[in-house]
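FYI, the numbering for the sequence shown is 1149 to 1481, going by this note's numbering.
Below is one structure; the comments refer to it alone.
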Amino acid sequence: MNKPTVVSGIRPTGYLHLGNYFGAVKNFVKMQYDFNCFYFIADIHSLTTHPTPGNLQAGVKQVLAEYLACGIDPEVATIFIQSDVPEVTELYTILNMNAYLGELERTTSFKDKARQQPDNVNAGLLTYPVLMAADIIIHKAHFVPVGKDQEQNLEMVRKFAKRFNRMYKKNVFPIPRPFTFDGADMLKVPGLDGSGKMGKSEGNAISLFDDPKEIRKKVMRAVTDAGPTEMNAEKPEAIQNLFTLLDIVSKPDTVAHFDGLYNKCEIRYGDLKKQLAEDIISYTSPIREKIVSILEDDAYLAKVAKMGAEKARESASKTLNEVKKVVGFNSLF
Ligand code: TYM
């Protein structure tokens, strides 16, 4: 029986952080043997923030090495660079004709970006979910493992896929769904600055590439408060965030231990942070060592990218040909 298809990608805009790892890459690794997986580096998407060519290249190389260091096997899953598969941009152009200004403008990620960078509200930002749709449906994906922050984008992708099928009265595309294991909620890894999610641009992230000293420094500086003043009090956001991180990287009895201390108003945040830092380090250190050694092997990285591009293009061109026929291109001659 054919395995269901999985597609997901990451923008090469900086070192991968714990949000990228636990929200996405850890699932990429777990899914690779049971699904037909396509994992890519979204270099076209990253052009919305105008990186220099040098930064873009370094970012792509970094994410490629990080994918491999995290355990994605390029012989099993297809790892590729988005811009190596031009079929994606052709499908993007076609899908753009059925994506409407109003719905694109209402997307939260567009509104957030427009607020954050008012001098650079480019058309690529507006049609960002359309390019995501092309990425995903060009391989006829069934599942998309992503973190909670991509939920709305994925909703748009589903809408565009359904709209295409409806418009041309053909079930060309399966309707992709977000994927988590065991029906878990989509993950939102918090940052260390007291509120919101961990993000590359938020300056609140711990990256897989940080060395133990940096990790300890960042965790020790995380926002806390004066501590609970009554038993079993609800945790304020900054404290809950530290517990959420602890939940992700530490053993259940460690979490229970600090939870108990919090509920008895005996918690010392310094101790919690020390433990959290060490548990993060034991997760990231082996990955970091692998990243360093893979980054030295340009020939291997080039081989992986080439092999992935070939496999991804084969799959993408099959769908694109079908789409072109359905749309009415190629039909006269
Ligand atoms: P990007 O590069 O911002 O993030 C990559 C992946 O990491 C997840 N993630 C998080 N998960 C949990 N908690 C966090 N704090 C956190 N921060 C990031 C994201 O949800 C994502 O899964 N638009 C996408 C890239 C993309 C894509 C696609 C993804 C382009 N085309 C097609 C899936 C399918 C993005 O900017 O992700």
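Cβ atoms here follow ideal geometry from the backbone N, Cα and C, with glycine treated the same way.
Note that the structure is a prediction, hence the values are computed from the model and not measured.
Using 8 Å as the threshold, is the C-beta distance between residue i and residue j below it?
i: residue 1158; j: residue 1189; result: yes
i: residue 1367; j: residue 1421; result: yes
i: residue 1397; j: residue 1427; result: yes
i: residue 1255; j: residue 1300; result: yes
i: residue 1286; j: residue 1464; result: yes
i: residue 1233; j: residue 1277; result: no
i: residue 1402; j: residue 1390; result: no
i: residue 1461; j: residue 1235; result: yes
i: residue 1350; j: residue 1339; result: yes
i: residue 1172; j: residue 1194; result: no
i: residue 1207; j: residue 1201; result: no
i: residue 1425; j: residue 1363; result: yes
i: residue 1288; j: residue 1273; result: no
i: residue 1457; j: residue 1192; result: no
i: residue 1275; j: residue 1252; result: yes
i: residue 1224; j: residue 1264; result: no
Keeping to the same chain, check which residues put their C-beta closer than 7 Å to that of residue i; ignore five residues upstream and five downstream.
i: residue 1320; result: 1312, 1313, 1470, 1471 and 1474
i: residue 1266; result: none
i: residue 1379; result: 1411, 1412 and 1413
i: residue 1357; result: 1163, 1436 and 1439
i: residue 1478; result: 1472
Which two residues bound the contiguous beta strand (DSSP E) that contains residue i?
i: residue 1186; result: 1184-1189
i: residue 1196; result: Residue 1196 -> no beta strand (DSSP E), and no H or E assigned at all.
i: residue 1308; result: Premise fails: residue 1308 lies in the alpha helix (DSSP H), 1299-1315, not in any beta strand (DSSP E).
To which residues of the same chain is residue i closer than 6 Å at the C-beta, ignoring the five residues directly before and after it?
i: residue 1184; result: 1151 and 1153
i: residue 1459; result: 1226
Per DSSP, which residues does residue i bridge with? Please list them.
i: residue 1156; result: 1187
i: residue 1241; result: In DSSP, residue 1241 forms no bridge with anything.
i: residue 1345; result: 1338
i: residue 1442; result: For residue 1442, which the question treats as bridged, DSSP gives no partner whatsoever.
i: residue 1326; result: 1292
i: residue 1355; result: 1165
Between the Cα of residue i and those of the options, spot the shortest distance and give me the residue it belongs to.
i: residue 1240; options: 1415, 1283, 1266 and 1267; result: 1283
i: residue 1231; options: 1224, 1204, 1244 and 1251; result: 1204
i: residue 1323; options: 1339, 1330, 1302 and 1332; result: 1302
i: residue 1291; options: 1242, 1388 and 1334; result: 1334
i: residue 1383; options: 1407, 1298, 1400 and 1223; result: 1407
i: residue 1430; options: 1338, 1166, 1156 and 1162; result: 1166
i: residue 1170; options: 1202, 1197, 1218 and 1439; result: 1218
i: residue 1209; options: 1161, 1243 and 1365; result: 1161
i: residue 1309; options: 1296, 1331 and 1280; result: 1280
i: residue 1432; options: 1330, 1168 and 1375; result: 1168
i: residue 1315; options: 1349, 1245, 1257 and 1288; result: 1245
i: residue 1294; options: 1177, 1424 and 1435; result: 1177
i: residue 1297; options: 1307, 1336 and 1253; result: 1336
Keeping to the same chain, check which residues put their C-beta closer than 8 Å to that of residue i; ignore five residues upstream and five downstream.
i: residue 1318; result: 1474
i: residue 1452; result: 1212, 1216, 1222 and 1227
How far does the alpha helix (DSSP H) with residue i in it reach, from first residue to last?
i: residue 1402; result: 1400-1411
i: residue 1229; result: Where residue 1229 is concerned, there is no enclosing alpha helix (DSSP H), although the beta strand (DSSP E) it sits in stretches over 1226-1229.
i: residue 1361; result: 1360-1368
i: residue 1219; result: No alpha helix (DSSP H) contains residue 1219, which DSSP labels as neither H nor E.
i: residue 1276; result: 1276-1285
i: residue 1264; result: 1256-1264
i: residue 1179; result: 1174-1179
i: residue 1397; result: 1385-1397
i: residue 1414; result: Per DSSP, residue 1414 belongs to no alpha helix (DSSP H) and is neither H nor E.
i: residue 1251; result: 1249-1253
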